[in-house]
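So the sequence shown is numbered by my numbering: it starts at 732 and just counts up by one.
In what follows, a structure is listed as C-alpha cells, so that the remarks can point back to it.
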Amino acid sequence: MRDRMMIIGLVLVLAGFSAAAEKQNAEHLKSELDVSEQVPPPDDPDAFVILYIGDSITRHGFNDDTIKRLGWDHLAGMAATEESKDYAHLFAAEVQKLHPDRKAMPYFHNKGGTGAVATRSATLGAYRSLKPDIVVIQLGEHEKQATGPDALRVNFDAMLKKLQGWPKPPVVLCVGVWSPGGDREHMTYVGWTQQVDTIMGEVCAERKVPYASMAPHALNPANHGWGTSPGVRWHPNNAGMQAYANELTRMYKAVITPADNSKP
C-alpha cells in the first residue's frame, strides 16, 4: 500500500513568513510532502465530487524520512491521527449527510510542489475534468513575505477566477491561514500572517466566495499539539481538524439554504 503513496516532492519551506518571533516559532516547522495520486473520473457519473486544494494540512504523505525525522507515518491531513479524522474526510462525511442520494467523493490537488497559491493555481487544469461540485481552498501557510502582498492578491484572485470560469462552476469555499503563533490574548494574528489572512478574505469577498478565518481556532492551544515532533505539533490536531470541518459545513449550508428575507 505504501508503494501507492509514492511522493512527488518534499519541500521544507524556510522562507520569511511573518515577523521575527513568528518566524522563529513556526517557519522551520512547516513541511510539505505531496502525494502522487491518479485523478481518474469517478465511476459513478452522479457522484458528488469535492476537490481540495491545500497543503500539508489537507494532505501529507509519508516515507522513511518523515517517519524518522517527524514521527509522521500515515497519509492524512497533518496532524490528524488518521485519515478519517482529517478535515477533508470529516467535511466529506457532512456533505454526504446533506446529499444522501449521491456518493460524496473527495479528490486532492497534489501538484505544484510548494503548497503556495501560485504553484497550485498553475497546475489546476489537471482537475478540471473532474467537474467538482465543491472546491475547498486551504492555503496561505507557504506564502513568502518577500514576494509581497500584491503578488498574493493577484495569484489568489487568478485562482478563484479560473474556478469560477469552469464550464460547470463549483461552489468554492475558502479557509484562512493556520498559525498557532500570534496575539493569543486578543485571539488575533500579527505581522505577515495577518496580512495573508486579510488579503485572502478580501479577495474572497470581491469574488463573492465564502471565507472563514482560522485565527480563533489556531490560537486555541486545544486545537494543536499532537505528535512527537514540533513540526507535526504545529499543525491542527483532531480537534483543530474538526474546527476546519465545522467552518466548511457552516459555509456550505449557508450557500445551499435560501435566505429567509421575509423577516424584518
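Built from N, CA and C at the ideal position, the CB exists for glycine as well.
Because the structure is a prediction, the values reported are computed rather than measured.
query                                                                                                                                      : result
Neighbourhood of Lys-862 by C-beta, 7 angstroms cutoff - its chain only, sequence neighbours within 5 removed                              : Val-780 and Lys-899
Cβ-Cβ separation, Ser-960 to Gly-802 (assumed contact under 8 angstroms), whole Å                                                          : 5 angstroms
Ile-788, DSSP secondary structure in three states                                                                                          : coil
Top-ranked residue by Cα proximity to Gly-932, from Pro-880, Lys-893 and Gln-876                                                           : Pro-880
Proximity below 8 angstroms, CB of Leu-870 to CB of Val-940                                                                                : no
Neighbour-count burial assignment, Asp-914, 16 or more Cβ in a 10 Å radius                                                                 : exposed
Element boundaries [alpha helix (DSSP H), containing Leu-891]                                                                              : 880–895
Own chain residues within Cβ distance below 8 angstroms of Pro-772, not counting five before or after                                      : Ser-860 and Leu-861
Glu-813, buried or exposed, once every other Cβ within 10 Å from all chains shown has been counted against 16                              : exposed
CA-to-CA distance, Leu-904 to Ala-949, given in whole angstroms                                                                            : 18 angstroms
Contacts around Ala-810, its chain only, beta-carbon distance under 6 angstroms, and the 5 residues preceding and following it disregarded : Trp-957, Gly-958, Val-963, His-966 and Asn-968
Cβ-based neighbour list, Ala-751, same chain, cut-off 6 angstroms, excluding 5 preceding and 5 following                                   : Because the pLDDT of Ala-751 is 39, which lies under 50, any placement of that residue in the model is unreliable, and the number read from its coordinates should be weighed accordingly. Result list for Ala-751: empty, nothing under 6 angstroms.
Cutoff 6 angstroms; reference Ala-970; Cβ partners in own chain excluding five residues on either side                                     : Ala-953 and Asn-954
Range of the contiguous alpha helix (DSSP H) that encloses Phe-822                                                                         : 818–829
Inter-residue spacing [alpha-carbon to alpha-carbon] between Lys-754 and Ala-778                                                           : Note that Lys-754 scores a pLDDT of 43, beneath 50, so its modelled location is shaky; the value from the coordinates is reported in the next line. Whole-angstrom Cα-Cα distance: 42 angstroms.
Close Cβ partners of Val-866 (< 7 angstroms) along its chain, the five nearest in sequence each way excluded                               : Leu-782, Ile-784, Leu-894, Pro-901 and Val-903
Counted within 10 angstroms of its Cβ, other Cβ atoms place Val-986 as buried (16 or more) or exposed                                      : exposed
Residue closest to Gly-922, alpha-carbon to alpha-carbon, out of Asn-886, Cys-935 and Glu-874                                              : Glu-874
Per-residue DSSP class, three states only, for His-961                                                                                     : Position check: residue 961 holds Pro in this sequence, whereas His was assumed. Here Pro-961 sits in helix by DSSP.
Member of Arg-938, Ala-974, Phe-887 and Asp-775 whose CA lies at the smallest distance from the CA of Asp-832                              : Asp-775
Rounded C-alpha distance that separates Gln-925 from Ala-889                                                                               : 21 angstroms
As assigned by DSSP and simplified to three states, the class of Leu-806                                                                   : coil
Reduced DSSP category for Ala-985 - H, G, I as helix; E, B as strand; rest coil                                                            : helix
Exposed unless 16 or more other CB atoms sit within 10 angstroms - verdict on Ser-944                                                      : buried
Residue of Ala-877, Asn-841 and Gln-827 minimising C-alpha distance to Ile-1013                                                            : This structure gives no information on residue 1013, because the portion of the chain shown stretches from 732 to 995.
Complete beta strand (DSSP E) runs within the segment 850–875 (minimum length 3 residues, chain order)                                     : 865–869
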